[in-house]
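>
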Amino acid sequence: MPLTKTLFAQYIRAFKFRDLFNDLGWNNDSTIQPIIVDTETFILRSVAVKSGFKILVCAPDKAGQIPDYNIRKKIETKVTKLFQEHLIIFIDAKEKEQVWQLVLKQTGKPAKVTDTRYALHQDPELLYQRVSGLFFELDEEENITIVDVTKRVADNFHQNAERVTKQFYERFKKEHLSFYAFIKGIDDHIDDWNKKKKKADASQENKAKQWYVSLMLNRLMFCYFIQKKGFLDKNKNYLREKLKDCKQKKGKDKFYSFYRNFLLVLFHEGLNEPERRKIIKDEIGIIPYLNGGLFDEHELEKEHKEIEIDDKAFERIFDFFDEYEWHLDTRQHSTGKDINPDVIGYIFEKYINDRAQMGAYYT
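So for the sequence shown, our numbering puts the first residue at 736; every next one is plus one.
1. Evaluate contact between the segment 824-838 and the segment 739-757, counting only Cβ atoms and requiring at least three cross-stretch pairs below 8 Å.
2. Throw me the rounded Cβ distance for the N891 and R852 pair, which I believe falls under 8 Å.
3. Tell me which residues share the same chain as L974 and place their Cβ nearer than 8 Å to its Cβ, disregarding the 5 neighbours each side in the sequence.
4. Excluding five sequence neighbours on each side, which residues of the same chain lie with their C-beta closer than 8 Å to the C-beta of R1066?
5. Here's the rule I'm using: 16 or more other beta-carbon atoms within 10 Å means buried, otherwise exposed. How should S949 be labelled?
6. Could you tell me the boundaries of the beta strand (DSSP E) in which F699 lies?
7. Where does the unbroken alpha helix (DSSP H) through Q745 begin, and where does it stop?
8. Using a Cβ-Cβ cutoff of less than 6 Å, which residues in the same chain neighbour K789 once the five nearest sequence positions on both sides are dropped?
9. According to DSSP, is Q819 part of a helix, a strand, or is it coil?
10. Specify, as a first and last residue, the run of the beta strand (DSSP E) that V948 falls within.
11. Ignore the nearest five residues each way along the sequence and tell me which others in Y991's own chain have a CB closer than 8 Å to its CB.
12. Straight-line CA distance for R995 to R898?
13. Opposite R780 in the DSSP bridges: which residues?
14. Rounded C-beta distance between F825 and P845? I'm assuming under 8 Å.
15. Quick one: Cα of N972 to Cα of E877, how far?
16. For L967, which three-state DSSP category applies?
17. Assuming contact is defined by CB atoms lying nearer than 8 Å, are E1008 and Y1024 in contact in what I supplied?
18. So is Q983 buried or exposed if we call it buried at 16+ other beta carbons inside 10 Å?
19. For T766, collect the residues of the same chain with a Cβ closer than 6 Å to its Cβ; drop the 5 residues on either side in sequence, then sort them by chain order.
20. Reducing DSSP to helix, strand and coil, say where E1060 ends up.
21. Any idea if A798 is buried or exposed, counting beta-carbon neighbours within 10 angstroms, 16 or more meaning buried?
22. Can you tell me whether N762 is helix, strand or coil according to DSSP?
23. For the putative contact between A783 and F756, defined by C-beta atoms under 8 Å, what is the C-beta separation to the nearest angstrom?
24. Report the three-state DSSP secondary structure of R839 (helix, strand or coil).
25. For N941, count neighbouring C-beta atoms within 10 Å of its own C-beta (all shown protein chains included) and say buried if the count is 16 or more, exposed if not.
26. Work out the CA separation of A854 and I806 for me, nearest whole Å.
27. To the nearest angstrom, report how far apart E905 and Y915 are at their CA atoms.
28. Judging by CA-CA distance, which residue of G1020, Y947, D926 is the nearest neighbour of H1039?
29. So, helix, strand or coil for E910, using DSSP?
30. With 16 as the cutoff for other CB atoms within 10 Å, does I1014 come out buried or exposed?
31. With H, G and I counted as helix, E and B as strand and the rest as coil, what does DSSP make of D827?
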């Protein structure tokens, strides 16, 4: 019988991994394996096995902490020489935190690492989604192979991560269309003409405005990553709070203040400039210089000097973004709604492929 979420949560919060996997139909295993990394010895205990695939629990380091990523990578390399297929659960001494590490080895491709971090104060929803799928029926025992087990583990741990990205993209397409409606000043005559003609897909014909929406959302997503890391004036809610400040200073939607009086300044004179005037520093605070070209004045901005974007566009897109966890480091803890930098690449590759005719605006 599949494991209930309630019982799963009890096992996870009590760090009862052996009991958990027993209920999932795995066999008991008591293998103990010391691993030496940089003069420190880590003890790994196997709590379960299925057709040779081991579930290992790694004791904390000397400081009682979960070893950092680089150490975990070295442990993984040495463990692979002993047990080809496995999943390692790293724990801390106080039993308040776990990192479930699975490395998927693919022929001809770099190894793919999934680190799922869980802390006691969190809902173990993501772990439940991944681990509950590792249930094996008794009648599977005779014919199941290590290849079958490895595939099931990989499918549950890696495909769930991909599903989050795809869900994000589907919502992104809707928000892209919504953001479009708030922009004025880019070939508006096309929109006006299409409205008169009552075309259902009118927005698709204004390619310049479509591309500017993509550019703005790309910039905003990038800013979300760095603000959550504290790189934007040490404020993890930098953009939303600046929007609030602009409304208080200028009045709601007056002169489209957030976009024109703050955001363009942040992009062109802040993130895009290594040296800033004092008045700019006072306005935007301490932020990094990013020279990749994303925050350059775009050709569309040079051509259309009167672009305006309603504050409501940013309120809506920030509400959407705030539903997710944003991580610059793809190894950060998972909550079930995690977004990492790979998402930007995925979205724009997919979006451009879906709308190949927009490629002329790609820079």
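By construction, the Cβ of each residue, glycine as well, lies at the ideal position given by its N, Cα and C atoms. Because the structure is a prediction, the values reported are computed rather than measured.
The short version:
1. yes
2. Taking the first residue of the sequence shown as 1, we reach residue 891 at position 156. Taking the first residue of the sequence shown as 1, we reach residue 852 at position 117. At roughly 17 Å, the Cβ-Cβ gap does not stay under 8 Å, so N891 and R852 are not in contact.
3. Looking up residue 974 in the sequence shown gives position 239. Only L955, C958, Y959, Q962, L967, F1049, F1053 meet the Cβ criterion.
4. Within the sequence shown, the letter at position 331 stands for residue 1066. Residue placement at R1066 is poorly supported in this model, since its pLDDT is 41, which falls under 50; the coordinates still yield a value, given next. Result list for R1066: Y804, V848, D850, in chain order.
5. In the sequence shown, residue 949 corresponds to position 214, counting from 1. Looking at its Cβ environment, which holds 16 or more other Cβ atoms inside 10 Å, S949 is buried.
6. This structure does not reach residue 699, given that the chain is present from 736 up to 1098, and the question cannot be answered.
7. The residue you call residue 745 lines up with position 10 of the sequence shown. 740-748 is the extent of the alpha helix (DSSP H) around Q745.
8. Translated into positions along the sequence shown, residue 789 becomes position 54. If we look at K789 and ignore the five residues flanking it on each side, its Cβ neighbours are S781, F818, H821.
9. By 1-based counting over the sequence shown, the position of residue 819 is 84. In this structure, Q819 counts as coil in the three-state DSSP scheme.
10. As a first step, residue 948 is located in the sequence shown; it is residue number 213 there, counting from the start. That residue, V948, is in no beta strand (DSSP E); its alpha helix (DSSP H) goes 942-963.
11. As a position in the sequence shown, residue 991 is number 256, starting the count at 1. Here the model assigns Y991 a pLDDT of 47, short of 50, so the residue's position is not dependable, and the following value carries that caveat. E1043, I1044, D1045, D1046.
12. Taking the first residue of the sequence shown as 1, we reach residue 995 at position 260. Taking the first residue of the sequence shown as 1, we reach residue 898 at position 163. One C-alpha to the other measures close to 36 Å.
13. Taking the sequence shown and counting its residues from 1, the one referred to as residue 780 is at position 45. R780 pairs with I767, V792.
14. As a working mapping, residue 825 is identified with position 90 in the sequence shown. As a working mapping, residue 845 is identified with position 110 in the sequence shown. The C-beta distance from F825 to P845 rounds to 22 Å, too long to meet the 8 Å contact threshold.
15. Here residue 972 corresponds to residue number 237 of the sequence shown, with the count starting at 1. Here residue 877 corresponds to residue number 142 of the sequence shown, with the count starting at 1. Rounded to whole angstroms, N972 to E877 spans 54 Å at the Cα level.
16. In the sequence shown, residue 967 corresponds to position 232, counting from 1. L967: coil per DSSP, three-state reduction.
17. As a first step, residue 1008 must be located in the sequence shown, where it is residue number 273. As a first step, residue 1024 must be located in the sequence shown, where it is residue number 289. Result yes, Cβ atoms of E1008 and Y1024 sit closer than 8 Å.
18. The residue given as residue 983 occupies position 248 in the sequence shown. Under this definition Q983 is an exposed residue.
19. As a working mapping, residue 766 is identified with position 31 in the sequence shown. Hits under 6 Å: S781.
20. Here the question's residue 1060 lines up with position 325 in the sequence shown. The answer is strand: DSSP assigns E1060 an E or B state.
21. The count along the sequence shown starts at 1 and reaches residue 798 at position 63. By the 10 Å Cβ count, A798 comes out exposed.
22. Walking along the sequence shown from the start, residue 762 turns up at place 27. It is a strand residue.
23. As a working note, residue 783 is residue 48 in the sequence shown. As a working note, residue 756 is residue 21 in the sequence shown. About 3 Å separates the two Cβ atoms, so the contact holds.
24. Position 104 of the sequence shown holds residue 839. It is Leu, not Arg, that sits at residue 839 in the sequence shown. It is a strand residue.
25. Here the question's residue 941 lines up with position 206 in the sequence shown. When all chains shown are included, N941 counts as buried.
26. Reading the sequence shown from its first residue, position 71 is the one you call residue 806. Reading the sequence shown from its first residue, position 119 is the one you call residue 854. Each residue's alpha carbon lies about 20 Å from the other.
27. The residue you call residue 905 lines up with position 170 of the sequence shown. The residue you call residue 915 lines up with position 180 of the sequence shown. Spanning the two alpha carbons is a distance of roughly 16 Å.
28. Within the sequence shown, the letter at position 304 stands for residue 1039. Of G1020, Y947, D926, the residue nearest in Cα terms is Y947.
29. Translated into positions along the sequence shown, residue 910 becomes position 175. Three-state result, E910: helix.
30. In the sequence shown, the residue the question calls residue 1014 occupies position 279. Its Cβ having fewer than 16 others within 10 Å, I1014 is exposed.
31. By one-based count along the sequence shown, residue 827 stands at place 92. In the displayed model, D827 falls within coil according to three-state DSSP, outside both helix and strand.
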